[in-house]
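Quick note on the numbering used here: the sequence shown kicks off at 32 and runs consecutively.
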Amino acid sequence: MNTAALSQIEAICGQPKDQEQLVRFMNIFYDAVAPYLNTPRDLVRLFNAMSVSWPAVANEIDIGDFVSLEVMRLFEPSLYNAIRTEKETVCGVSLGYGSQDDSEKEINKFLGKVPDKNREQTKIVLERLFPRFENMGYGSDWLSQWDAQRRVCSHRHFDTYFRLTIGMETLSATEIDEFIEHCGDANYVKEAFLKASRSIRKKGKSKVPLLFDEINVHASRIEKEKIQPFICAMFEIADDIYRVEDRESAGSSLGDSHLRIRWLIRKLTFERCNLNERSEVFMSACKNAQVGWLVDFTRSAISDHFPSEGTDPKPDEACLVKKENMSELKSHTLRSIEAAAATGKMIDHPLLRRILFQWKDLAEDGYTRVKNWVNSQFQDDKSLAKLTKVFTGESWSHSMGMFGLGDRVAMRNFEVSVSSLEEIVDIKGFRRRLEEIEKSNTLDKEYLDHVLTFLEAWRKQETSEIR
Numbered sequence: 032m033n034t035a036a037l038s039q040i041e042a043i044c045g046q047p048k049d050q051e052q053l054v055r056f057m058n059i060f061y062d063a064v065a066p067y068l069n070t071p072r073d074l075v076r077l078f079n080a081m082s083v084s085w086p087a088v089a090n091e092i093d094i095g096d097f098v099s100l101e102v103m104r105l106f107e108p109s110l111y112n113a114i115r116t117e118k119e120t121v122c123g124v125s126l127g128y129g130s131q132d133d134s135e136k137e138i139n140k141f142l143g144k145v146p147d148k149n150r151e152q153t154k155i156v157l158e159r160l161f162p163r164f165e166n167m168g169y170g171s172d173w174l175s176q177w178d179a180q181r182r183v184c185s186h187r188h189f190d191t192y193f194r195l196t197i198g199m200e201t202l203s204a205t206e207i208d209e210f211i212e213h214c215g216d217a218n219y220v221k222e223a224f225l226k227a228s229r230s231i232r233k234k235g236k237s238k239v240p241l242l243f244d245e246i247n248v249h250a251s252r253i254e255k256e257k258i259q260p261f262i263c264a265m266f267e268i269a270d271d272i273y274r275v276e277d278r279e280s281a282g283s284s285l286g287d288s289h290l291r292i293r294w295l296i297r298k299l300t301f302e303r304c305n306l307n308e309r310s311e312v313f314m315s316a317c318k319n320a321q322v323g324w325l326v327d328f329t330r331s332a333i334s335d336h337f338p339s340e341g342t343d344p345k346p347d348e349a350c351l352v353k354k355e356n357m358s359e360l361k362s363h364t365l366r367s368i369e370a371a372a373a374t375g376k377m378i379d380h381p382l383l384r385r386i387l388f389q390w391k392d393l394a395e396d397g398y399t400r401v402k403n404w405v406n407s408q409f410q411d412d413k414s415l416a417k418l419t420k421v422f423t424g425e426s427w428s429h430s431m432g433m434f435g436l437g438d439r440v441a442m443r444n445f446e447v448s449v450s451s452l453e454e455i456v457d458i459k460g461f462r463r464r465l466e467e468i469e470k471s472n473t474l475d476k477e478y479l480d481h482v483l484t485f486l487e488a489w490r491k492q493e494t495s496e497i498r
């Protein structure tokens with residue numbers, strides 16, 4: 032984890048300028064940064080924040096101080112905000128020999144902002160960043176050196192570290208506190224997430240991932256009696272806040288909002304609820320759950336008790352719901368899928384492919400119902416084009432080139448899942464209709480491109496199979 036972190040820090044911020052700064056940076060890294068990076072998600076969260084904040088202050092501040100404060104902002108926000116408003120208390124030289132009691136009093140004021148278990152480590156961090164807290168006297172001649180190094184303990188450079196105001200790339204402590212306070216109000220939760228989904232940040236992502244990250248961090252602050260209304264609210268809007276652009280990895284479900292919900296509900300319930308309590312919470316929430324998320328949840332619940340061949344069922348304490356609830360859950364999910372299909376709007380669902388195959392598995396009718404629905408889409412050219420988009424995947428590759436000299440630029444390749452389609456569609460009729468659309472060339476360009484891309488990938492696949 033530390034190696035990956037150091038590599039990413041160097042990629043974003045560069046290297047310390049000299050050996051002295053490198054030694055100080057490594058001391059700060061192991062004391063102030065590494066203790067907070069315990070999972071890949073911690074790394075992603077830190078480096079997403081750094082990639083936004085560093086360009087505004089690059090070359091104007093010390094790298095070690097910057098990274099340390101970014102970690103503090105994300106993982107100890109109360110301490111960060113206290114420091115930001117106490118410039119005169121933290122900057123400059125120590126009060127001198129004989130003033131140890133005053134220094135101890137000042138640092139304890141900041142240590143009160145962190146959990147007891149973190150105080151000893153935080154004391155070391157504060158002493159690293161602000162020498163006046165150390166048990167030694169620094170004369171005024173040190174000020175010019177700290178100024179030259181552009182450290183946060185310098186009066187002249189302190190404000191630069193806090194230049195970025197709270198904006199689109201982060202949530203303020205006030206926003207987080209307000210959400211935690213009202214998380215038992217289902218309407219408040221739904222409106223907060225819907226608002227976050229409409230707030231689009233740089234690179235096209237919404238604020239939904241930010242909100243999920245913060246709730247995960249502060250999950251322990253959510254009172255147990257608020258867990259059920261909070262989860263019910265999430266289930267009711269899970270599809271509305273789903274955006275392809277919010278995924279961490281293009282072309283996959285890694286880090287999408289449904290996966291974030293999965294992480295969060297497990298964190299909220301597995302540590303504080305037994306299986307009976309979890310079952311009650313989740314079965315209640317599923318009653319009004321949106322179909323895409325319901326399919327996702329049901330699939331996870333099924334795999335708990337009925338895993339793939341060669342895998343043992345999970346023990347009760349690791350299951351989402353009780354085994355005796357599974358029949359009711361599967362029947363409810365099947366009814367929800369069929370109700371969505373009857374509205375005529377399911378063709379536009381971003382998780383249509385996932386829904387169709389869960390429909391196939393739940394119906395247990397030889398694929399009859401799902402095939403009938405898919406084949407009914409053949410009558411409308413736009414609907415057929417939307418199906419081709421759903422079953423077109425992307426991959427990226429580098430050519431090795433001659434003599435091992437590879438391409439610098441990855442090439443995008445399109446792939447089609449014909450074998451999967453054959454399970455739920457009349458494949459010959461599907462091909463015939465697509466070629467009719469190709470020949471007529473009457474569809475709007477957006478939809479026609481979906482069809483042409485699919486057909487081209489299909490034909491390449493056929494050629495490759497012949498070879």
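Ideal Cβ positions, reconstructed from N, Cα and C, are used throughout, including at glycine.
Using the three-state DSSP reduction, which class does residue i fall into: helix, strand or coil?
{"i": "residue 472", "result": "coil"}
{"i": "residue 445", "result": "strand"}
{"i": "residue 362", "result": "helix"}
{"i": "residue 237", "result": "strand"}
{"i": "residue 329", "result": "helix"}
{"i": "residue 455", "result": "coil"}
{"i": "residue 231", "result": "strand"}
{"i": "residue 48", "result": "coil"}
{"i": "residue 375", "result": "coil"}
{"i": "residue 185", "result": "coil"}
{"i": "residue 152", "result": "helix"}
{"i": "residue 461", "result": "helix"}
{"i": "residue 494", "result": "helix"}
{"i": "residue 162", "result": "helix"}
{"i": "residue 255", "result": "helix"}
{"i": "residue 409", "result": "helix"}
{"i": "residue 318", "result": "coil"}
{"i": "residue 270", "result": "coil"}
{"i": "residue 367", "result": "helix"}
{"i": "residue 480", "result": "helix"}
{"i": "residue 71", "result": "helix"}
{"i": "residue 178", "result": "helix"}
{"i": "residue 249", "result": "coil"}
{"i": "residue 263", "result": "helix"}
So, using beta-carbon positions, are residue i and residue j closer together than 7 Å?
{"i": "residue 391", "j": "residue 455", "result": "yes"}
{"i": "residue 141", "j": "residue 113", "result": "yes"}
{"i": "residue 327", "j": "residue 380", "result": "no"}
{"i": "residue 277", "j": "residue 239", "result": "yes"}
{"i": "residue 299", "j": "residue 367", "result": "no"}
{"i": "residue 115", "j": "residue 193", "result": "yes"}
{"i": "residue 159", "j": "residue 59", "result": "yes"}
{"i": "residue 406", "j": "residue 457", "result": "yes"}
{"i": "residue 292", "j": "residue 265", "result": "yes"}
{"i": "residue 63", "j": "residue 33", "result": "no"}
{"i": "residue 237", "j": "residue 228", "result": "yes"}
{"i": "residue 215", "j": "residue 257", "result": "yes"}
{"i": "residue 101", "j": "residue 120", "result": "no"}
Under 8 Å by Cβ, that's how I've got residue i and residue j pegged, so tell me the actual separation to the nearest angstrom.
{"i": "residue 321", "j": "residue 267", "result": "7 Å"}
{"i": "residue 124", "j": "residue 95", "result": "That belief does not hold up - the Cβ atoms of residue 124 and residue 95 are roughly 20 Å apart, past 8 Å."}
{"i": "residue 316", "j": "residue 262", "result": "5 Å"}
{"i": "residue 134", "j": "residue 164", "result": "6 Å"}
{"i": "residue 40", "j": "residue 191", "result": "Actually they are not in contact, since the Cβ atoms of residue 40 and residue 191 sit about 19 Å apart, beyond 8 Å."}
{"i": "residue 416", "j": "residue 352", "result": "With a Cβ gap of about 38 Å, residue 416 and residue 352 do not count as contacting."}
{"i": "residue 421", "j": "residue 474", "result": "Wrong, their Cβ atoms sit about 16 Å apart, outside the cutoff."}
{"i": "residue 364", "j": "residue 393", "result": "6 Å"}
{"i": "residue 485", "j": "residue 423", "result": "5 Å"}
{"i": "residue 81", "j": "residue 43", "result": "5 Å"}
{"i": "residue 386", "j": "residue 323", "result": "6 Å"}
{"i": "residue 217", "j": "residue 260", "result": "5 Å"}
{"i": "residue 109", "j": "residue 144", "result": "4 Å"}
Does residue i pass the burial test, meaning 16 or more other C-beta atoms within 10 Å, or should it be called exposed?
{"i": "residue 180", "result": "buried"}
{"i": "residue 76", "result": "buried"}
{"i": "residue 489", "result": "buried"}
{"i": "residue 56", "result": "buried"}
{"i": "residue 397", "result": "exposed"}
{"i": "residue 275", "result": "exposed"}
{"i": "residue 371", "result": "buried"}
{"i": "residue 90", "result": "exposed"}
{"i": "residue 408", "result": "buried"}
{"i": "residue 337", "result": "exposed"}
{"i": "residue 209", "result": "exposed"}
Any C-beta of chain B sitting closer than 7 Å to the C-beta of residue i?
{"i": "residue 178", "result": "The structure shown has no chain B; it contains just one protein chain."}
Which one or two residues does DSSP pair with residue i in a beta bridge?
{"i": "residue 340", "result": "Residue 340 pairs with nothing; no bridge assigned."}
{"i": "residue 424", "result": "446"}
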